[in-house]
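Positions 2 to 535 (the numbering used here) are the ones given, in order, by the sequence shown.
Here the structure is laid out as C-alpha cells; the discussion comes afterwards.
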Amino acid sequence: MESSKWLAAVASIWIQCSSGASYAFGIYSPVLKSTQFYDQSTLDTVSVFKDIGANAGILSGLLYTAVAAKPSSGRGRFSFLHGGPWVVHLAGAIQCFAGYFFMWLAVTGTINRPPVAVMSLFMFIAAHAQTFLNTANVVAAVQNFPDHSGTIVGIMKGFLGLSGAILIQVYQTIFNNNPSSLILMLALLPTIVTLMLMFLVTVHETPSRNEEKYLQGFLLVSLVIAAYLLFLRILENVFVFPEWAKIITLLVLFALLCSPISVVVKAQRVDLERLPPSVTSSTSLLIDEPEWASSDKLAVENIMDYDEVPTDTVQRKASSILQPDEQKNLWQAMCTIDFWLLFVAMICGMGSGLATINNISQIGESLGYTTLARSTLVSLWSIWNFLGRLGAGYVSDIFLLRRGWPRPLFMVFTLAAMTGGHVIIASGFPGNLYVGSLLVGICYGSQWSLMPTISKEIFGVVHMGTIFNTIAIASPVGSYVLSVRVIGYIYDKEGSGEGNSCFGQEGSILVCSCCADLITRLQGTERNLGCSKL
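Listed below in C-alpha cells is the structure:
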C-alpha cells in the first residue's frame, strides 16, 4: 500500500488510540496513593503534574516546526529519514516509556520510594509524551486535510479521548485488574505502537475531492467502536465474564480498530483514478505560504461537498475565517486579546473538567459506588470525552461552511451544558455521577477539538502546534487551583464518612468557575462575530 495522507491518517488514529494513558489515572491512582502513602492533597499534587505534562506542549510544537517544516519532496524513497513528524513521535515514545517505567518500579518496590517531587517528575515525563504524539498527529492531519480541519481535528482528538476506554479494556482482559501491571502496560504499549507506525505519518500535498465522504467513514468507525465499548461496560456491570469471553471481546475490539484500513483502500483507489501521476508531492504547509494559501482556497471550493449549498455571503464569511489575514508566531499571538480570551476560558472551563475526572474515583468511593462502578465511570468518561471531541469538530465544520457560524459560538453552547453537569454532580442524588459525568465529559471533550481549530483560524497554520499547545497550559493551571487548592482540601477535611457536603461545595465552586468562563467566551464570540468579514 502506497504512502498517502489516508494511510497517514490511519497511522495517526492508531497512535492516538494508544497514547491517552493519562486518562487511565483514575484506575491506578489508588495503588499509587497506597504504596506511596499519600493523602488526597498529595495525590492531587502529583495529578497536577500529570495535567501539566499532558497539556504543556510548547516543546512539542517547537520541535514539530523545526523538524517537520522542511519540505521532503525530491529526497527519494527515504525522504522521511531527513526529518518529519516521526522525530516528534520518537521523542514522545521515549518519554512515555521512561516516565511510566520508573513509576512502575516505584510502585512495585523495585526502587526505594521516591520523594513526592521525584514521583511528580516521573508523572510529568510520562504525561508529557502525550503532547508530542498528539501534536505530530493533529498538525500533520490538518496539513493533509485543510479543507475539513475541524472534522479531522475532531477525529484525532476523539480517538485520543477514546483511548482511555481502549487501554482499560486491554488492561482488564490481560492483567485482571492489577493496577501496578497497568502502569507497566502504559510504559510498553504506547511506545511499541508509536515506534511501529511513526514513519507512516507524513504530510502529503495531494488535493482530492469529496474528502468528506471518506472522513465520514472514519467518523462511522469511531462511533461503532465507542458504541461497542459502551455496550461492553454495560454488560460487565450485569454479568461476570469468563476469561474466554474477555479474550473474544478484546479480539473484536482489535478487529474494529483495524477497520479504518478499508476506508484507506477506497480513498486511495479514488485518488489514483482522479489525480494525474504528477500530483504526488509531499511537503509541509508550515513554511511555504503559497501552499497553505492554495489549500485554504481549495477548502472554500470544497464547501460544495456538503449537501446544502451555502449562499455567497456565507461562502465569503467562511473564506475569511479559513484564511486568516496573516500567519502569526507565538509572540505575535500572545500580543492579541484573542489569545488571552482563549487562555482565560481554558483556565475556568477546562480546569473544572480536569478537576472532575481527576477526583471521580474518590468522589464515587465516598458516595458508595463499587470498585467496578468507579472503573466504569472512568471508562465512560473516555467515551463521553470522545463524543464531544468528535462531534464538536464535525458539527462546527458544517455550521461554519453552511451558515457561517464562528466556532466560538459552540464553545459557549457546550460550556452552558457543562455548568448543568456540575450542578447535577453537586446534587448528590443516586446515579448523579453517571448523568453529570456524561454532560461534563462531552462538553470537556468538545473544547479540545474546538480550541486547536480556532487557533488555526485566528493565528494561521504556520505555528499552529506551538500556539494551541501554549494555550492548553491554562488547563492544568485551572486544574491545580480547583483540584489541589479546593477539591483536595475539602475532601481531606470532610472525610469520606461525614456525608456528602463536600461534594455540594465542590460542585458549587465548579459551577461558578464555568459561569465565569461562559462570560469570557461570550465576549470572545462577540468579538469574533463583529470582526468577521462579510
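All C-beta atoms, glycine included, are put in the ideal place defined by N, C-alpha and C.
Unbroken alpha helix (DSSP H) runs of length 4 or more, entirely within the stretch 87-154: which are they?
-> Qualifying alpha helix (DSSP H) stretches, in chain order: 117-145.
CB-CB under 6 Å to Asp289, same chain, minus the five flanking residues each way: which ones, in chain order?
-> Per-residue confidence for Asp289 stands at a pLDDT of 42, beneath the threshold of 50, marking its modelled position as unreliable; the derived number appears in the next sentence. Cβ within range, chain order: n/a, list empty.
So, helix, strand or coil for Val191, using DSSP?
-> The sequence given here has Pro at residue 191, not Val. Pro191 carries a helical assignment under DSSP once its states are collapsed to helix, strand and coil.
Top-ranked residue by Cα proximity to Ser23, from Asn330, Gly110, Pro477 = When each option's Cα is compared against that of Ser23, the closest is Pro477.
Distance between Ser397 and Trp406 (C-alpha atoms, nearest Å) | So the alpha carbons of these two residues sit roughly 8 Å apart.
C-alpha distance - Ile361 paired with Gly350, whole-angstrom precision = Roughly 17 Å between the two C-alpha positions.
Under the rule that 16 or more other beta-carbon atoms within 10 Å means buried, what is Arg390, buried or exposed?
-> For Arg390, the number of other beta carbons within 10 angstroms of its own is at least 16, and it is reported as buried.
Inter-residue spacing [alpha-carbon to alpha-carbon] between Met120 and Ile474 = Counting only the Cα atoms, Ile474 lies some 21 Å from Met120.
To the nearest whole angstrom, what separates the beta carbons of Gln363 and Met412, a pair I think is in contact under 8 Å?
-> Not quite, the Cβ-Cβ distance comes to about 29 Å (not below 8 Å), so this is no contact.
Start and end of the alpha helix (DSSP H) containing Glu366?
-> Segment 361-367, the alpha helix (DSSP H) holding Glu366.
DSSP-derived helix/strand/coil call for Cys336 = Coil at Cys336, not helix or strand.
Are the Cβ atoms of Ile468 and Ser456 separated by less than 7 Å?
-> Contact: yes.
Val264 vs Tyr215 beta-carbon contact at 7 Å = In this structure, Tyr215 lies closer than 7 Å to Val264 by Cβ.
Please say whether Ile156 and Phe255 have beta carbons closer to each other than 7 Å?
-> Against a cut-off of 7 Å, the Cβ pair of Ile156 and Phe255 comes out as no contact.
Asn386 and Gly162 closer than 7 Å at C-beta = It is a contact, given that the beta carbons lie within the stated cut-off.
State the DSSP-derived secondary structure class of Ala12, mapped to helix, strand or coil.
-> When DSSP states are grouped into helix, strand and coil, Ala12 belongs to the helix group.
In angstroms with no decimal places, state the Cα-to-Cα distance between Phe103 and Leu434.
-> Looking at the backbone, the Cα of Phe103 and that of Leu434 are separated by about 33 Å.
Taking DSSP as the reference, what is the three-state secondary structure of Asn303?
-> The predicted model places Asn303 with a pLDDT of 49, which falls under 50 and marks its position as unreliable; any figure quoted below should be read in that light. In this structure, Asn303 counts as helix in the three-state DSSP scheme.
Alpha carbon to alpha carbon, how far is Thr207 from Thr357? Give it in angstroms, no decimals.
-> If I take the Cα positions, the gap works out to 42 Å.
Might you give, ordered along the chain, the residues of its own chain that have their beta carbon closer than 8 Å to the beta carbon of Ser509, omitting 5 neighbours on each side?
-> With a pLDDT of 49 at Ser509, under the threshold of 50, the predicted position of this residue should be treated as unreliable, though the coordinate-derived value follows. Here Ser509 has Ala427 as same chain residues with Cβ atoms under 8 Å from its own Cβ, once five neighbours each way along the sequence are excluded.
From the DSSP output, in three-state form, read off Ser260 for me.
-> Under the three-state reduction of DSSP, Ser260 is assigned to coil, being neither helix nor strand.
Reduced DSSP secondary structure (H/G/I, E/B, other) of Ile167 | Three-state DSSP puts Ile167 in a helix.
Would Ile169 pass as a contact of Ala374 if the rule is Cβ separation under 7 Å?
-> Ala374 is positioned such that its CB atom lies no closer than 7 Å to that of Ile169.
Run of the alpha helix (DSSP H) containing Met423, from where it starts to where it stops | Looking at the sequence shown, residue 423 is not Met but His. From DSSP, the alpha helix (DSSP H) with His423 extends over 409-428.
From Val225 to Leu251, what does the alpha carbon distance come to, in whole angstroms?
-> Cα to Cα, the separation comes out at about 15 Å.
Classification of Ser61 by the beta-carbon crowding that lies within 10 angstroms, buried from 16 upward | Result: buried.
Express the C-alpha separation of Pro31 and Leu44 in angstroms, rounding to a whole number.
-> Taking the straight line from one Cα to the other gives about 9 Å.
Distance, Cα to Cα, Leu233 vs Val379?
-> Straight across, the Cα-Cα distance linking Leu233 with Val379 is about 14 Å.
In its own chain, which residues sit with a C-beta less than 6 Å from the C-beta of Leu190, not counting the 5 before and 5 after it?
-> The residues are Ser19.
Can you have a look at Leu236 and say buried or exposed, based on whether 16 or more other CB atoms are within 10 angstroms of its CB?
-> It is exposed - the Cβ of Leu236 has fewer than 16 other Cβ atoms within 10 Å.
DSSP three-state assignment for Phe504, whether helix, strand or coil = With a pLDDT of only 48 at Phe504, under the threshold of 50, the placement of this residue in the model should not be trusted, and no figure is reported.
Going by CA-CA distance only, name the one from Val462, Leu416, Thr415, Val194 that's closest to Ala12.
-> Among Val462, Leu416, Thr415, Val194, the Cα nearest to that of Ala12 is on Val194.
Does the distance from the CB of Ile59 to the CB of Thr471 come in under 7 Å?
-> Yes, these two residues count as a Cβ contact at 7 Å.
Give the secondary structure of Phe242 by DSSP, where H, G and I count as helix, E and B as strand, and everything else as coil.
-> Here Phe242 sits in coil by DSSP.
Spatial distance of Val424 from Leu8 (CA atoms) | Distance between the alpha carbons of Val424 and Leu8 is about 43 Å.
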